[in-house]
Each structure stands twice: as C-alpha cells, then as structure tokens.
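Notes for the one structure printed next.
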Amino acid sequence: MGHDGRMTDRRNDRREELAANLAKVERRIAAACAAAGRPREEVTLVVVTKTYPAADVRILSELGVRHVAENRDQEAAPKAAECADLPLTWHFVGQLQTNKVRSVVGYADIVQSVDRSRLVAALSKEAVRAGRELGCLIQVALDAGAGGRGERGGVAPGGIEELADLVARSEGLRLDGLMTVAPLTGEYAGRQQAAFERLMDLSADLRVAHPAATMVSAGMSGDLEQAVAAGATHVRVGTAVLGVRPRLG
Ligand SMILES: *Cc1c(COP(=O)(O)O)cnc(C)c1O
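FYI, in the numbering used here the residues of the sequence shown are 759 to 1007.
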C-alpha cells in the first residue's frame, strides 16, 4: 500500500473512533434528557476541539456535529480558517484578552466567556467593524468572592446584571445567556449539580429583564448528566469525543 493508502486508513480509523465516541456521548445526553423528562432537542452538544487538528473538526462535521468550541485564539484562528467551508457554529470558551478580540471576532459566532466590561467594549467595537452580530454568554464564576472574578475567568453572580445590561445595549452584540464551569474550590466544589442548579436560578433572574437570553451552557465530559438534569441548554464536551488531550488546554 502506498503513502496515500496509509493516510486514508488512518483517517478512516480516526473517523470510526470519533463516530463511536460521539455515539456514546449522544447516548449519555439522550439518557440524561429522558431521566430529566426533557426532550432531547432541548440540549445542544458543543464539541470542544482544542488541541485537536482541523482534520478532526472536518470529520466531526461530516459526522453531523454543528457546534465546535475553542479556548485559545492562537490555535483556533488557523483551525477555523482551514474549516471555513464547513457548516459550523464556532464558540469561543477561553479566557479572552482584549488584544485577541479582533481575531476572535473574525471566526467566532458566540463568545461564551464574557466576564468584564472592558471585554464587552472591545467585542462590540470589533463586531461593528466586522459588520457582524456576535452572540455573548456571561461567564459566571460560582467560586468568586462577592463582586470578584473566578480563577478561571468569570464574574461573580452579583456582577451578572450590570454586565448583561451592558452587552444588551452594545452595538454588534447579542445577549444569549450564561455559562459556567463547575468550580473546583469553594462551596460548590464537588457539587456539580448544585452549581448548575444555581446557574439555572441565575438564568431565570436574567431572563426577567432579558427574555431572549435563554442559553445555559454548563457541563463537560465528566458532568454533562448533572448539567442536563439541572436544565442546561448547551453542554461542552471535549475529552469524551476526541480523547484525552495530549497537553493542558
Ligand atoms: C476544555 C473545556 C471543556 C471540555 O472539557 P472536557 O472535560 O474535555 O469535556 C469545556 N469547557 C471549557 C470552558 C473548556 O475549556
């Protein structure tokens, strides 16, 4: 067999692996929805493709994935460019520095990690410049002190309202909802479902003033069941679909 044949074999192996992993994750989401009495369509799978190549994103797209997420602009920008022909919605889920905003706005449809007013201003300016409407989720840090920020980004619950109002009145931005990562420290450490239920309560509060901000992004490979049980609309799954990441990301 020639070089091309081996390449094709390797791609087919990877395709089978990703298809099997996706099917497993799909069964988990469906079971969690059934257990919670929720229709399966209420939950959108966002596959976190960070550290994995554009070739994997292409296979995932062929397998029916429509939402992918990245957390580092340096890696995401070239990957999104390579996959620009695919019918994908790109989510940005990492801590975002304002000097990367212009690049991120070039490919992201939704930024899930909005956590400070300076970032909102930068996103608005670049979205307007690009002639785009950018979806925004406020990232909530359930382990932050009052008025503080979380270690992995996010604003404390007390800061949501002000930030949400700012997004809602910023040109080029659309307030879509809330996102969180289950805290490793503080009162919610090891209590994912309680953390996600708290996020749902915060979402209900938010929707009083912003009824269209219905997205609730919570749950990853290890805790998607708890997120679906709590009421999440979006789960962000990396490892369970693509495998254990070769390095921290
Ligand atoms: C990496 C990442 C995920 C996916 O985590 P897995 O445990 O690999 O499923 C979800 N959300 C964010 C913000 C991430 O950075």
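Built from N, CA and C at the ideal position, the CB exists for glycine as well.
query, result
"Per-residue DSSP class, three states only, for Val851", "coil"
"Own chain, CB closer than 6 Å to Gly1007, minus 5 neighbours either side, in chain order", "Because the pLDDT at Gly1007 is just 49, under 50, the model does not fix this residue reliably, and the value given afterwards should be weighed accordingly. Closer than 6 Å at the Cβ level, and outside the excluded window around Gly1007, lie Lys808 and Thr809."
"Touching by the beta-carbon criterion (3+ pairs, under 8 Å), the region 850-866 and the region 876-891", "yes"
"Distance CB(Val913)-CB(Ala899) smaller than 8 Å", "yes"
"Arg956 and Ser975 closer than 8 Å at C-beta", "no"
"The region 766-777 in contact with the region 949-966 per 3-pair CB rule at 8 Å", "no"
"Heavy atom of ligand 1 within 7 Å of Lys808 beta-carbon", "yes"
"Cβ contact check for the region 800-807 and the region 987-1003: 3 or more pairs under 8 Å", "yes"
"Gly852: CB within 7 Å of a non-hydrogen atom of ligand 1", "yes"
"Spatial neighbours of Ala985 in its chain, beta-carbon cut-off 6 Å, leaving aside the 5 residues before and after", "Phe954, Ala976, Gly977 and Val993"
"Distance CB(Val869)-CB(Val862) smaller than 8 Å", "yes"
"Residue range of the unbroken beta strand (DSSP E) whose run includes Met973", "Met973 to Ser975"
"Asp934: first and last residue of the uninterrupted beta strand (DSSP E) it sits in", "Leu931 to Thr938"
"Those residues which DSSP pairs with His825 across a bridge", "Thr847"
"Pair within 8 Å by beta-carbon distance, Ala902 and Gly864", "no"
"Near ligand 1: Asn770 beta-carbon under 7 Å from a heavy atom", "no"
"Environment of Asn761 [buried if 16+ CB atoms lie within 10 Å]", "The amino acid at residue 761 is misidentified as Asn; the sequence shows His. That one is exposed."
"Separation of Ala827 from Glu820, as counted between CA atoms", "16 Å"
"Residues that DSSP places opposite Cys894 in a beta bridge", "Val869 and Leu933"
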